[in-house]
Amino acid sequence: MARTPRTTILHLVLTLCILSAQNTPSLASSAIDEFLGCLAADIPSRLIQTPATPSYSALLLSTAWNLRYILPDTSKPIGIIAATEHAHVQTTVRCGRRHGVRIRVRSGGHDYEGLSYASIHLHNEPFAVLELAALRAIHVDPARAEAWVESGATIGELYYAVGAASRSLGFPAGSCPTMGVGGHLSGGGFGSLARKYGLSADNVLDAVVVDANGRLMNRSTMGEDLFWAICGGGGESFGIVLSWKVRLVAVPETVTVFSIIRSRNQSAIELITKWQEIAPVLPQNLYLRVLVLNQKATFQALFLGRCGCLHGLMQDRFPELGMTKQNCQEVSWVQSTAFFGFSTTSIPTEQLLNRSSNPHYYLKAKSDHVQEPIPRDVWESIWTAWLEKPEAALLMLDPYGGLMSSISPSETPFPHRQGNLYQLQYYSFWYENGTAAAEKRMSWVRGLYKEMEPYVSKNPRAVYVNYRDLDLGTNELDGNVTSYEKARVWGEKYFKGNFKRLAAVKTMVDPDDFFKNEQSIPPLPAAKI
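Next up, the structure:
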């Protein structure tokens, strides 16, 4: 019998209490003791949890959103450091280097493959988790249209703070309010304002980073190469980003959202086929995405303007959808973020502050970029063969175009700009325990991904790094550091031609490859420089 989400969590807490000690990577107990002693010299003991302390399991599970990576066969951290000061982060890095313990950093825990809190199979190296949840201060300066936000804050907390400071300012980022700022911004940060203002990373002005030597640096002291790398290249490969200075963007005091659901019998397939050509070329102030779930297509929109203007625009550009003024909901920008986060405008915006509003479940996701419209007959075949299966999951179609097409692919590490119509995500999640449920769900997402290969980007088949996918490949060692050639297999799918520059930055700032995980950027070999 499938467990309820709450029962699943309680079961896993108990399991983890029993298994955590025997599933931490091997390291001489003296070395572990020395590492922990090094931490304790500068960090209060209450902030350091180990498998032997009573709060370890609860803290590890607190934002382990993907339950696949807290199962018994997954390596657990030898310690979790809940930093409350920047100095705690510096101490953790220095102690880790001194005593041979790798550091993984968790701001929100939304890494699709759990790499911020688990180790899958990386050479059985011992690691500790640096928990940034307490470092979540936000300071908004509406007069300058800027904000400083610490990496442990959630996107929802940032949205709420901006909305509280001004009704005419917003920030471009994703739809899930419990995502940590640190991971989201360092991977790019795509959301409903991307067509108008670009990614989150396109609007970063400064940052504070702890490097591999434990030094604290800002943009002027880290240099433009490292600053470029952390704005879309995955910050965990280069250092630990503690805080970000971001540019806020102008939004109307009243914006409009709508959600229109269409079944297959209501021309859903025809509408999706048409959407592919329309959505990427709509005006920049209109974002129109599609969610396909339970054999229904939901068309969700954000328009930076009033309902009357939106209705006229939709009647002119996409009359087939049948949008009426009754579909409109006029709200503030911050209310629109709650709409995309919770699929309703009736929920109070204070819910954006709820760091635990996202359910824990088992997850496997993959993604693609579509550069030419997929023919209607292909969508018909996909719907029949894949979307009508009992294990069918969520498809998300996010339009590009607008400003996204005007930014150079080398401006930031995120290269997926001009030439892409939309981003396609396959998102399979389930609550049932057991191998059978996992195999069924994961076979579905992998099978559909394979089926889509002829219709998506090629050479490489491009992927958004914030939709992490270990199926693409994982790192291997070349001597004492990560192999550059092996990493190219997955790295060029995320970063295309920017991957080599990222590796060059890695060589400059972390040549010993201290910040390393299953898909971290490797140093660039001397022969490639």
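Residues -28 to -1, 1 to 501 (mature numbering (1 follows the signal peptide of the UniProt record, and there is no 0)) are what the sequence shown spells out, left to right. Heads up, the beta-carbon is just placed ideally off N, CA and C, and yes, glycines get one too.
- For residue 270, the enclosing beta strand (DSSP E) has its first and last residue at 268 to 275.
- In the DSSP assignment, residue 358 falls outside any alpha helix (DSSP H) and carries neither an H nor an E.
- Between residue 210 and residue 250 a beta carbon distance of about 39 Å is seen, past the 8 Å cut, so the two are scored as non-contacting.
- Taking 8 Å as the upper bound for CB-CB distance, residue 271 and residue 232 are in contact here, some 5 Å apart.
- Ranked by Cα distance from residue 140, the options 124, 126, 115 and 346 are led by 115.
- Here residue 145 is buried, its C-beta having at least 16 other C-beta atoms within 10 Å.
- Nearest in C-alpha terms to residue 44, of all of 92, 134 and 201, is 92.
- It is roughly 29 Å from the alpha-carbon of residue 223 to the alpha-carbon of residue 234.
- Residue 78 has its alpha-carbon roughly 9 Å from the corresponding atom of residue 36.
- In the DSSP annotation of this structure, the continuous segment of the beta strand (DSSP E) that includes residue 368 starts and ends at 366 to 371.
- If you draw a straight line from the Cα of residue 181 to the Cα of residue 199, it comes to about 9 Å.
- Residue 456: member of the alpha helix (DSSP H) spanning 456 to 467, first to last residue.
- Annotation: the continuous alpha helix (DSSP H) that includes residue 241 extends over 240 to 250.
- Under the DSSP assignment, residue 490 falls outside any beta strand (DSSP E); it carries neither an H nor an E label.
- The residue from 362, 10 and 391 with its alpha-carbon nearest to that of residue 345 is 391.
- Closest in alpha carbon position to residue 63, among 188, 11 and 147, is 11.
- Per DSSP, reduced to three states, the secondary structure at residue 88 is coil, with no helix or strand assignment.
- For the 7 Å CB-CB criterion, residue 454 and residue 494 form a contact.
- Residue burial is scored here from C-beta neighbours: residue 253 has fewer than 16 other C-beta atoms within 10 angstroms and is therefore classed as exposed.
- Beyond the five residues adjoining it in sequence on each side, residue 87 comes within less than 8 Å, by CB distance, of 76, 208, 440, 489, 490 and 491 in the same chain, given in chain order.
- Residue environment analysis places residue 457 among the exposed positions, since fewer than 16 neighbouring C-beta atoms fall within 10 angstroms of its C-beta.
- Going by beta carbons, residue 321 and residue 307 fall inside the 7 Å limit.
- Rounded to whole angstroms, the separation of the alpha carbons of residue 381 and residue 373 is 13 Å.
- Taking the Cα of residue 24 as reference, the smallest distance to any Cα among 50, 160, 255 and 34 is reached at 50.
- For the 7 Å CB-CB criterion, residue 138 and residue 163 do not form a contact.
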